[in-house]
Amino acid sequence: MGFWDFLNFKKRDFTDHYAPFTQANFFNENAGQIVSSVTAMQVPPYASAINLLSSSLAKLSIHVEKDGKQIDNHPIKRLFENPSEFLDSYTLFQQSEMNRLNEGNAYVYIQRNNTGSAENLLLINPSFVNIMIEKGGYHYQVTNNGDSFEVFPRDMIHVKSPVLDMNSLKGLGYYKILERQIGLWLAAQSHQNNYFALGSNPNSVIETPEKLSPEKREMVREAWEKLNGGPTNRHRVAVVDAGMKYQKMGFNFQELEMNVLFDSVTKQIASVFNVAPYMLGHEGTGNTYTNVETQNMNFLQQALMPSIVAWEHQLKKLFVKDDGHRAKFNYETLLRADSKTRAERIKTLVDAKVMTINEGRQYEGLSPMENIEE
14 MGFWDFLNFK KRDFTDHYAP FTQANFFNEN AGQIVSSVTA MQVPPYASAI NLLSSSLAKL
74 SIHVEKDGKQ IDNHPIKRLF ENPSEFLDSY TLFQQSEMNR LNEGNAYVYI QRNNTGSAEN
134 LLLINPSFVN IMIEKGGYHY QVTNNGDSFE VFPRDMIHVK SPVLDMNSLK GLGYYKILER
194 QIGLWLAAQS HQNNYFALGS NPNSVIETPE KLSPEKREMV REAWEKLNGG PTNRHRVAVV
254 DAGMKYQKMG FNFQELEMNV LFDSVTKQIA SVFNVAPYML GHEGTGNTYT NVETQNMNFL
314 QQALMPSIVA WEHQLKKLFV KDDGHRAKFN YETLLRADSK TRAERIKTLV DAKVMTINEG
374 RQYEGLSPME NIEE
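Take 14 as the starting number for the sequence shown in my numbering and just add one per residue.
In structure tokens form, the structure reads like this:
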């Protein structure tokens, strides 16, 4: 059974009266470079930001709750733990979030059983999907190898980037938002590569007392390289005659000084993703937070929380009835301080009767103790 058979899509005949919103041009030239979702991932700070945010989201556990209480035995909870036979939970959410940030859209198909309950969550390549507008609503057209399949909105988890392309009702990938910065980085990187690969400057010059014809210049060059070039002639004494002078050229590293440019681009990329530059490996900045808790809180609120809210809103589609159940990401681990601060906080709350000893142990991931006074 193939992947597309497993999806069990209902095939439809799409006619011209469906007027799809067309996506903007995929490639854009900036600083002489082609900027796309593929070439953008060759820019280290951009790729680092994508990996940081997607892996941070995927590491968070998801639970089902109703009226503020967790429901551990809910079937959707088990679905989060084992979404399908193709992908585990971490890979599904990590790759989906990468698609959302880089491509602009994350698509996860909800495969349901005969009763309408969600059975599998399947990752869909964003390039396979178009949004088809029709009278009274819209649906998703998924195309693969020439075959088109219709998916209704209730069966497609679609999480967009913060910036929408109003021509297609899709999210814009961050590479589109940062295309100038990415193009500048790629151009500088290409310049450096060409400098070393092609040799921008000669490493030495032979000066002659008289002007030479092109043929004689080539003869002198070949003779010099034959006598003094190659590994067998390394460190040997060179003899210059006929009034010629040998001059060693200095290597000017200032011509390769790109640190200022790279630093500037890294800071701009970090700013767009709402992360601190040091989290992207920027050497010019350090962690300015006084403790781990403040650092994690800032990362959660500014960088990660918008993604969490967007995902939680779309995950409502997993529940057949709107009866108060909802999926929630557990980000408590991001709010934890160092071990000493956590211990002092729990002790204070237990002493103040705000929480019990076993609740404090549960917060630390420890099993409850029996026969203790609460």
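We put the beta carbon where it would ideally sit given N, CA and C, even for glycine. As the structure is a prediction and not an experimental result, all values here were calculated from the model.
Asked                                                                                              : Found
Given Asn-384 as reference, the closest of Ile-370, Thr-307 and Val-164 once Cα atoms are compared : Ile-370
Nearest candidate by alpha-carbon position, reference Ser-68, set Asn-112, Lys-82 and Glu-78       : Asn-112
Beta-carbon proximity check, Val-285 vs Gly-129, cutoff 9 Å                                        : no
Sheet register partners of Ser-320 (DSSP bridge)                                                   : Partner(s): none; Ser-320 has no beta bridge.
Closest Cα partner of Arg-355 within the set His-338, Ala-340, Gly-337 and Tyr-376                 : Tyr-376
Same chain only: Cβ atoms within 6 Å of Phe-396, ignoring 5 sequence neighbours per side           : Since the first and last residues shown for the chain are 14 and 387, residue 396 lies out of range.
Helix, strand or coil at Arg-161 [DSSP, three-state]                                               : The amino acid occupying residue 161 in the given sequence is Ser; Arg does not appear at that position. Here Ser-161 sits in strand by DSSP.
Segment contact flag, the segment 74-85 with the segment 339-347, C-beta cutoff 8 Å, min 3 pairs   : yes
The alpha helix (DSSP H) enclosing Phe-106, as first and last residue numbers                      : 102-111
Rounded straight-line distance, which links the Cα of Leu-331 to that of Ile-84                    : 15 Å
Own chain residues within Cβ distance below 8 Å of Gln-107, not counting five before or after      : Ser-67, Ser-68, Leu-70 and Ala-71
Same chain, Cβ closer than 7 Å to Asn-287, five either side skipped, listed in chain order         : Gln-315 and Ala-316
Closest residue to Asp-80 among Asn-157, Ser-352 and Gly-337 (Cα-Cα distance)                      : Gly-337
Which of helix, strand or coil DSSP assigns to Met-169                                             : strand
Leu-177 versus Thr-361: straight-line alpha-carbon distance, rounded                               : 47 Å
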